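Asks: For the record, the sequence lines run as chains A, B, C and D.
Numbered per numbering that gives the first Met the number 0, the first sequence spans residues 0 to 386.
Numbered per numbering that gives the first Met the number 0, the second sequence spans residues 0 to 386.
Numbered per numbering that gives the first Met the number 0, the third sequence spans residues 0 to 386.
Numbered per numbering that gives the first Met the number 0, the fourth sequence spans residues 0 to 386.
For each residue, glycine too, the CB sits at the ideal point set by N, CA and C.
Predicted model only: the values in this text are computed from it and were never measured.
The structure follows.
Protein chains: 4
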Amino acid sequence: MAVQQLNVAVIGYAFMGRIHTAGWAQAAKFFGTPARVTHVVGRNAENARAFADDFDVPNVLTDWRDAVADPDIHVIDVCTPGDSHVDIAIAALAAGKHVLCEKPLANSVEGAERMVAAAEAAREAGVRSMVGFSYRRVPALAYAKRLVDEGRIGEIRHIRALYLQDWIADPEFPLVWRLDKDAAGSGALGDVGAHIIDLATFLTGQRLTGVSALTETFVKTRPKLASQTGGLTATGSEERGEVTVDDAAVWIGRTDGGALATFEATRFAVGRKNAMRIELNGSKGSVAFDFERMNELEFFDFTEPAVEGGFRRILVTDPDHPYAGAWWPPGHGLGYEHTFNNEVADFAAAITEGRDPEPSFAEGLAVQRVLQAVEESAAHEARWTTL
Amino acid sequence: MAVQQLNVAVIGYAFMGRIHTAGWAQAAKFFGTPARVTHVVGRNAENARAFADDFDVPNVLTDWRDAVADPDIHVIDVCTPGDSHVDIAIAALAAGKHVLCEKPLANSVEGAERMVAAAEAAREAGVRSMVGFSYRRVPALAYAKRLVDEGRIGEIRHIRALYLQDWIADPEFPLVWRLDKDAAGSGALGDVGAHIIDLATFLTGQRLTGVSALTETFVKTRPKLASQTGGLTATGSEERGEVTVDDAAVWIGRTDGGALATFEATRFAVGRKNAMRIELNGSKGSVAFDFERMNELEFFDFTEPAVEGGFRRILVTDPDHPYAGAWWPPGHGLGYEHTFNNEVADFAAAITEGRDPEPSFAEGLAVQRVLQAVEESAAHEARWTTL
Amino acid sequence: MAVQQLNVAVIGYAFMGRIHTAGWAQAAKFFGTPARVTHVVGRNAENARAFADDFDVPNVLTDWRDAVADPDIHVIDVCTPGDSHVDIAIAALAAGKHVLCEKPLANSVEGAERMVAAAEAAREAGVRSMVGFSYRRVPALAYAKRLVDEGRIGEIRHIRALYLQDWIADPEFPLVWRLDKDAAGSGALGDVGAHIIDLATFLTGQRLTGVSALTETFVKTRPKLASQTGGLTATGSEERGEVTVDDAAVWIGRTDGGALATFEATRFAVGRKNAMRIELNGSKGSVAFDFERMNELEFFDFTEPAVEGGFRRILVTDPDHPYAGAWWPPGHGLGYEHTFNNEVADFAAAITEGRDPEPSFAEGLAVQRVLQAVEESAAHEARWTTL
Amino acid sequence: MAVQQLNVAVIGYAFMGRIHTAGWAQAAKFFGTPARVTHVVGRNAENARAFADDFDVPNVLTDWRDAVADPDIHVIDVCTPGDSHVDIAIAALAAGKHVLCEKPLANSVEGAERMVAAAEAAREAGVRSMVGFSYRRVPALAYAKRLVDEGRIGEIRHIRALYLQDWIADPEFPLVWRLDKDAAGSGALGDVGAHIIDLATFLTGQRLTGVSALTETFVKTRPKLASQTGGLTATGSEERGEVTVDDAAVWIGRTDGGALATFEATRFAVGRKNAMRIELNGSKGSVAFDFERMNELEFFDFTEPAVEGGFRRILVTDPDHPYAGAWWPPGHGLGYEHTFNNEVADFAAAITEGRDPEPSFAEGLAVQRVLQAVEESAAHEARWTTL
């Protein structure tokens with residue numbers, strides 16, 4: 000079958016833009032993904048040009064509208080902060096472009112709803128859309144889902160999801176855009192909490208029916224930003240400004256499948272760098288995962304004799320594990336960026352094969368609704384807030 | 000100094016009675032504790048006699064009132080289920096006996112309040128009382144407290160406390176007394192949740208100011224009890240009865256020190272046998288503990304250069320670690336029962352030295368109030384419940 | 000059945016004497032072992048008396064010959080340094096006493112051979128003897144042996160045994176008896192290397208057929224001993240003396256079952272406190288153990304589908320695990336001293352039931368022969384030395 | 000500065016060829032490495048073409064001599080089995096091409112010596128050469144070396160290096176080229192043992208002065224190869240052939256710095272997929288590493304107070320860690336292939352800056368000499384063999 004080559008425009012070239020652009024190139028090599036990044040879009044032409052040169056991207060644009068208007072571009076990959084997602088994605092879908100949009104889908108439920116409507120309209124015309132919850136493409140987590148789907152965990156009783164970081168625990172860390180409510184929507188909640196909300200649903204197929212939540216901003220003012228030096232690093236100025244987002248959020252909830260769920264998202268767990276952890280306990284087994292050891296899944300099989308039962312540390316690098324066959328031999332682990340490589344390969348495959356990719360914008364909206372419920376509950380003394 | 004030998008009567012000889020009785024004997028050997036168990040009290044004379052023979056206890060009584068009335072007994076060690084604690088402890092204190100009472104202090108706040116009043120009255124006469132939150136005597140946790148007290152953790156932002164077990168995850172496990180509200184007061188909440196409530200306060204010196212909670216009974220009916228075969232093992236009959244306590248409880252809260260706290264107590268985390276875990280994240284460091292690896296404390300020092308920072312696994316077996324000097328060389332770990340050995344040694348030392356031991360009955364009452372608040376919140380859709 | 004109460008005399012009251020004496024008392028409680036320590040023997044009457052008082056031992060002797068001669072003593076438990084084992088054990092056996100002798104059996108093969116001859120002669124008269132390789136009584140290791148015996152590991156290819164400590168890594172640590180060839184026989188080799196030699200045979204049922212070895216004394220002189228302050232702690236004087244034993248030994252070998260084996264015993268692995276580690280790799284599975292986490296056994300089942308295979312961490316605390324049923328519920332771990340509690344219970348049970356206990360003196364001799372072969376090989380540039 | 004773009008020809012496109020080719024492209028993106036793979040060389044033109052298409056390589060050659068003769072190619076990257084290294088590398092160097100040669104440098108010491116001579120001759124003309132011990136570019140190991148160099152480990156006493164795999168533990172796994180002495184030189188020894196020999200020297204700066212070794216081929220015959228399906232996977236035919244290489248090798252040795260060293264290389268450690276482990280114990284500290292957790296380094300600082308000492312798990316993902324700054328934020332780990340990305344970036348940087356890259360061919364020869372000594376010792380009953 001002659002597969003059309005997909006031309007991709009990546010909007011944004013910071014942390015997410017870099018990793019997406021590299022991801023498309025790696026997917027072409029390791030999955031034979033018929034796609035290439037032909038355009039990068041950035042407001043600062045010089046910086047965008049430098050990035051494009053390093054990342055072997057032929058064309059640079061300074062306005063995303065030009066990418067949306069270009070008939071030779073098939074895919075718009077949205078890697079900007081959350082406040083611009085709605086406009087870009089809706090315009091791109093209207094122009095018949097397939098859209099991969101970084102999470103969170105939008106900074107508000109209302110925006111996300113409009114994106115879903117646009118995606119559903121475009122879908123009629125065979126236009127595909129996906130939200131970038133990249134952790135679904137961690138082999139260990141995709142394998143955990145397989146275990147759940149195969150009934151190895153049984154009826155789920157507990158979901159325990161944490162996303163622990165510490166990159167702003169120093170009170171002198173400056174006010175990057177992720178600490179600004181206008182740009183980011185919320186703090187740890189929307190940034191990393193969104194991931195664990197999506198994962199809980201991805202793994203269990205269950206949705207939260209209500210939550211009770213608390214949020215906190217431990218450090219109220221910080222130096223204003225002098226310059227961003229990396230994905231999560233920056234230098235500050237002498238002037239201080241107000242932190243307008245949460246530093247941490249904790250919430251408990253129930254799911255439509257009868258499970259109790261606990262969640263925690265924080266940027267103040269000193270010593271935890273990127274500890275995205277999720278554990279499920281069911282009637283037949285348990286799985287546990289920590290992104291700091293992303294090539295491992297712990298699995299406990301409660302149907303085995305007690306005497307030989309134990310959490311087994313599965314190195315999820317076997318050719319029969321999800322995604323692993325495209326990469327290296329057993330024991331030769333993958334890294335963070337592979338979640339993006341796998342993700343864009345999946346997205347392109349869905350486009351090519353005429354399927355709807357997952358997670359859909361509707362999934363992104365569902366996450367957004369949980370984020371909103373968490374914020375609402377936290378604003379009212381942990382009041383029970385239904386979904 | 001000639002120290003008076005303390006004669007101890009242990010009330011109850013099941014799981015807790017056994018471990019306490021052995022603990023007094025070990026404390027005499029390894030701490031030189033001037034005490035011995037002279038009496039064991041059990042309603043079934045024959046069984047109590049057999050236990051006394053095995054455990055080298057000279058005297059057996061079938062009514063705790065006789066122990067309270069015996070002028071040669073100095074200490075009453077209450078190891079019965081929670082529903083009898085109030086009567087025994089108050090009578091013993093009134094009779095001038097020092098009282099060590101297993102946790103939870105009582106099955107109700109009201110009962111616990113009466114016990115505190117009795118303890119405070121007796122205290123005037125030099126009579127000592129303590130509640131048996133034995134995990135305070137885990138060397139790793141006592142050392143964690145030392146680190147907090149020395150300022151190594153700094154201002155505490157997160158308390159994350161879990162007590163995960165799975166001993167009743169099998170729906171055919173029978174209705175032991177711990178699943179009966181009348182005898183046990185509550186389920187996972189009072190049994191193991193009480194421990195993590197106490198520990199959070201012990202380690203941080205902070206108290207919860209409010210909670211929002213959910214509880215759940217996953218398995219509603221179970222076989223009635225045929226016989227109890229061990230501390231946490233039993234066989235069932237063919238008839239079924241209702242489970243009247245919670246299987247699991249989750250709650251979030253705030254402390255008077257400004258920390259966010261999450262708690263989970265469950266008997267349905269399959270694969271987790273006795274995973275009492277607590278982690279504190281502060282402005283200067285973090286500590287993390289899991290009872291399944293009770294000889295280890297993980298400590299992260301945020302004041303170190305980032306490049307060489309990492310959670311260090313401290314084997315808490317050095318002579319300079321709490322309690323460890325009384326036992327074996329570094330690396331030669333302790334077991335579960337040592338928490339009791341250390342506990343009774345501390346209690347006896349306080350008596351002998353005329354000090355008030357910790358945790359006091361008032362601490363036990365404080366825990367009871369949190370348990371009540373959790374239950375109340377859970378009964379009202381996770382309503383915020385202040386303390 | 001009326002079982003005769005065994006009266007035990009413990010010879011020595013330092014590290015090993017303490018733990019044995021406490022062990023007999025605990026075994027009586029938890030295994031119903033019909034034995035009690037009636038005598039402790041120590042050359043310094045005052046210190047021995049103090050120990051006896053603390054450990055509830057009625058009688059004190061200052062010469063082991065008096066214990067051997069006492070008709071009311073049934074068991075001699077030899078807890079002295081290795082240089083006295085031969086005389087005490089042979090005399091005791093000749094007097095019809097059952098003998099438990101700490102490892103290493105003797106400081107020389109010749110001494111051990113005489114002990115074996117004495118044991119075999121006494122055996123005719125129903126007198127039992129055992130050498131104290133206490134690690135055989137770690138539940139996790141006894142369970143590992145069960146897995147081997149059940150064929151779960153298959154044909155064994157690799158034995159990897161290490162005993163890593165660091166208690167003399169500081170060059171100012173003084174010359175305790177364990178660093179004196181006359182008293183101790185050898186250094187790390189005989190002290191901790193003996194354990195891993197015995198364990199390798201215990202677990203696999205295979206014996207080394209030849210070894211190639213290196214030994215090293217990293218620190219040649221040390222302060223002479225001022226006072227011993229604990230099992231592995233001491234203070235030094237200003238004068239220095241020569242270290243006459245090895246600090247470390249490494250050796251490789253082959254077994255009569257076709258396995259390759261590697262061994263390492265050292266007191267200079269800084270950070271490793273009591274890391275006795277053993278791993279077996281077979282055609283069907285693997286087991287791995289580290290004493291620093293003594294309640295855990297890692298087991299890999301190679302017969303499972305690769306996709307779900309992984310080392311499982313078994314908490315060896317289930318009632319169906321060896322020894323565990325006598326102690327606490329699942330997840331409530333044991334400590335170092337339980338290996339001794341379990342050991343004396345096994346020894347007494349063998350006596351009572353008229354069986355030969357394991358490991359026999361002949362096993363102790365076999366270990367001694369390996370130690371000698373290692374020393375001989377090391378003395379000749381790692382020359383291959385057959386057994 | 001205008002840096003010349005380096006044109007690279009990769010010889011071979013199997014496991015190593017794939018990872019190198021992808022590595023050059025990633026290095027260009029993340030390190031700004033001025034190099035691109037312009038040619039791939041493979042004997043099967045069709046397969047090579049398919050690879051080149053997937054990996055975005057413009058040109059395909061079927062004879063490496065054509066690459067060596069092409070004046071537009073600056074770098075020859077040798078990714079073929081060991082038996083062809085000598086010819087390719089020497090010809091390439093003679094033609095003035097910089098050469099990166101996969102390990103082991105050659106299948107014999109004699110071949111390696113000729114390569115070193117060629118490299119040294121070429122060096123006069125500014126031609127660079129390097130052998131591909133890629134594990135030197137694991138950030139955790141490069142950081143371990145920094146700790147050693149800074150004196151944090153002190154005088155090194157123990158080197159403990161293992162490379163454990165299990166990919167041929169199934170006796171029906173077929174006779175791939177890695178099990179053929181002619182193609183591979185040796186088995187586990189040369190394949191993975193070479194890595195740990197190099198690493199031990201890299202980390203400590205010390206060299207083995209003698210070894211005593213055993214090797215074993217547990218499975219003597221295997222199905223002949225039907226087809227190679229991946230880097231370490233293949234299918235077999237019905238005919239069987241002889242295995243001509245070792246399955247496992249163990250050896251002990253001494254270094255010129257006074258350390259005792261133990262080594263083990265095996266493909267029969269079932270459950271261990273790619274467990275390249277190395278631990279150093281010194282007078283001031285220890286480091287420990289396991290490639291199955293490649294983003295972590297364990298470090299023990301013996302100069303700290305004993306009470307707070309412990310192996311710390313450093314996530315080697317901080318911007319100040321080696322290589323890490325080029326990649327992702329802290330806690331966002333790297334994978335196996337990054338060692339190659341880092342390696343080619345280093346190699347190109349050395350070329351561009353006119354420096355000699357490390358490890359040189361002379362280092363590769365030094366490894367080869369150890370391999371030869373190990374084989375010689377093993378062939379003579381573990382005879383001590385000096386280097």
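1) Between the stretch 302-321 of chain A and the stretch 175-188 of chain A, do at least 3 Cβ pairs fall closer than 8 Å?
2) Just how far apart, CA to CA, sit residue 273 of chain D and residue 290 of chain D?
3) So which residues on chain C does residue 137 of chain A lean against when the C-beta distance must stay under 8 Å?
4) Assuming contact is defined by CB atoms lying nearer than 7 Å, are residue 255 of chain A and residue 208 of chain A in contact in what I supplied?
5) Which residues of the stretch 200-229 of chain A have a Cβ closer than 7 Å to any Cβ of chain D? Give them in chain order.
6) Comparing the C-beta of residue 185 of chain C with each C-beta of chain D, is any distance below 7 Å?
7) Can you give the Cα-Cα distance for residue 182 of chain D and residue 72 of chain D, rounded to whole angstroms?
8) Starting from the C-beta of residue 328 of chain D, find all residues in its chain whose C-beta is less than 8 Å away, skip the five residues before and the five after it, and write them out in chain order.
9) With DSSP as the reference, please indicate the residues paired to residue 281 of chain C in a beta bridge.
10) In chain order, what residues of the stretch 100-131 of chain A put their CB closer than 8 Å to some CB of chain C?
11) Pick out the complete beta strand (DSSP E) segments inside the stretch 79-103 of chain C, 3 residues or longer, and give them in chain order.
12) Which term fits residue 340 of chain B, buried or exposed, when burial requires 16 or more other beta carbons within 10 angstroms of its beta carbon?
13) Which word fits residue 57 of chain C, buried or exposed, when buried means at least 16 other C-beta atoms lie within 10 angstroms of its C-beta?
14) Taking 7 Å as the limit between beta carbons, can you name the residues of its chain near residue 165 of chain B, skipping five residues before and five after?
15) Output the boundary residues of the alpha helix (DSSP H) element that contains residue 375 of chain B.
16) Which residues of the stretch 237-250 of chain B have a Cβ closer than 9 Å to any Cβ of chain A? Give them in chain order.
17) Which residue marks the beginning of the alpha helix (DSSP H) containing residue 25 of chain C, and which one marks its end?
18) For residue 303 of chain D, return the contacting residues in chain A, with the cut-off set at a CB-CB distance below 7 Å.
19) Can you tell me whether residue 124 of chain B is buried or exposed? The criterion is at least 16 other CB atoms within 10 Å of its CB, across all chains shown.
20) Hey, residue 332 of chain C and residue 264 of chain C are a contact pair by Cβ (cut 8 Å); roughly how many whole angstroms apart?
21) Check for me: the beta strand (DSSP E) holding residue 310 of chain D runs from which residue to which?
22) Of all the residues that make up the stretch 263-296 of chain A, which are near chain B by a beta-carbon distance shorter than 9 Å?
23) Would residue 175 of chain D pass as an interface residue toward chain B - the criterion being a Cβ-Cβ separation below 7 Å?
24) Please go through the stretch 173-220 of chain D and give each complete beta strand (DSSP E) segment of 3 or more residues, from N-terminal end onward.
25) Contact criterion: CB-CB distance below 7 Å. Does residue 313 of chain C meet it with respect to chain A?
26) Along chain A, in chain order, which residues have C-beta atoms closer than 7 Å to that of residue 320 of chain C?
27) Let me check understanding here. Comparing Cα to Cα, which of D:361, D:386, D:9 and D:362 lies closest to residue 373 of chain D?
28) State buried or exposed for residue 156 of chain B, treating a residue as buried only when at least 16 other CB atoms are found within 10 Å of its CB.
29) Who are the neighbours of residue 317 of chain A on chain C, taking C-beta pairs under 7 Å?
30) Answer yes or no: do residue 236 of chain B and residue 219 of chain B have a C-beta to C-beta separation smaller than 7 Å?
31) Is the number of C-beta pairs between the stretch 118-134 of chain B and the stretch 354-361 of chain B that are closer than 8 Å three or more?
32) Using CA atoms only, rank isn't needed, just tell me which of B:114, B:12 and B:97 is closest to residue 86 of chain B.
33) Rounded to the nearest angstrom, what separates residue 363 of chain D and residue 140 of chain C at their Cα positions?
Replies: Result, derived from the coordinates:
1) In this structure the stretch 302-321 of chain A does not lie against the stretch 175-188 of chain A, because fewer than three pairs of beta carbons, one per stretch, are closer than 8 Å.
2) Their backbone Cα atoms lie some 7 Å apart in a straight line.
3) In chain C, no part has a C-beta under 8 Å from the C-beta of residue 137 of chain A; the shortest such distance is about 16 Å.
4) Contact flag set, yes.
5) Look at the stretch 200-229 of chain A: the residues with a C-beta under 7 Å from a C-beta of chain D are 229.
6) For residue 185 of chain C, no Cβ of chain D is located within less than 7 Å of the residue's own Cβ.
7) Answer to the nearest angstrom: the Cα atoms are 27 Å apart.
8) Within the same chain, 316 come within 8 Å of residue 328 of chain D by CB-CB distance, once the 5 residues on both sides are set aside.
9) Answer by DSSP bridge pairing, in chain order: C:155.
10) Listed in sequence order: no entries.
11) Counting whole runs of 3 or more residues, the stretch 79-103 of chain C contains the beta strand (DSSP E) stretches 97-101.
12) Counting Cβ neighbours within 10 Å, residue 340 of chain B comes out buried, since at least 16 surround it.
13) Looking at its Cβ environment, which holds fewer than 16 other Cβ atoms inside 10 Å, residue 57 of chain C is exposed.
14) These residues qualify, in order along the chain: 266, 267, 268, 269, 270, 271 and 272.
15) That run of the alpha helix (DSSP H) goes 360-378.
16) Taking 9 Å as the Cβ-Cβ cut-off against chain A, the residues of the stretch 237-250 of chain B that qualify are 246, 247, 248, 249 and 250.
17) That run of the alpha helix (DSSP H) goes 14-29.
18) Near residue 303 of chain D there are no residues of chain A at all, since even the closest Cβ is about 17 Å away, more than 7 Å.
19) Counting Cβ neighbours within 10 Å, residue 124 of chain B comes out exposed, since fewer than 16 surround it.
20) Contact between residue 332 of chain C and residue 264 of chain C fails: their C-beta atoms lie close to 26 Å from each other, not under 8 Å.
21) From DSSP, the beta strand (DSSP E) with residue 310 of chain D extends over 310-314.
22) Within the stretch 263-296 of chain A, the qualifying residues are 263, 265, 267, 268, 269, 270, 271, 278, 280, 281, 282, 283, 284, 285 and 287.
23) Closer than 7 Å to the CB of residue 175 of chain D there is not a single CB belonging to chain B.
24) Counting whole runs of 3 or more residues, the stretch 173-220 of chain D contains the beta strand (DSSP E) stretches 207-215.
25) Answer yes: the Cβ-Cβ gap between residue 313 of chain C and chain A drops below 7 Å somewhere.
26) Neighbours of residue 320 of chain C on chain A, chain order: 306.
27) Closest option to residue 373 of chain D, Cα to Cα, is D:386.
28) Burial call: buried.
29) Near residue 317 of chain A (Cβ distances below 7 Å), the residues of chain C are 305 and 306.
30) For residue 236 of chain B and residue 219 of chain B, no; Cβs fall outside 7 Å.
31) With contact defined as three or more Cβ pairs closer than 8 Å, the stretch 118-134 of chain B and the stretch 354-361 of chain B are in contact.
32) Across the set B:114, B:12 and B:97, the C-alpha of B:114 shows the shortest separation from the C-alpha of residue 86 of chain B.
33) Distance between the alpha carbons of residue 363 of chain D and residue 140 of chain C: 42 Å.
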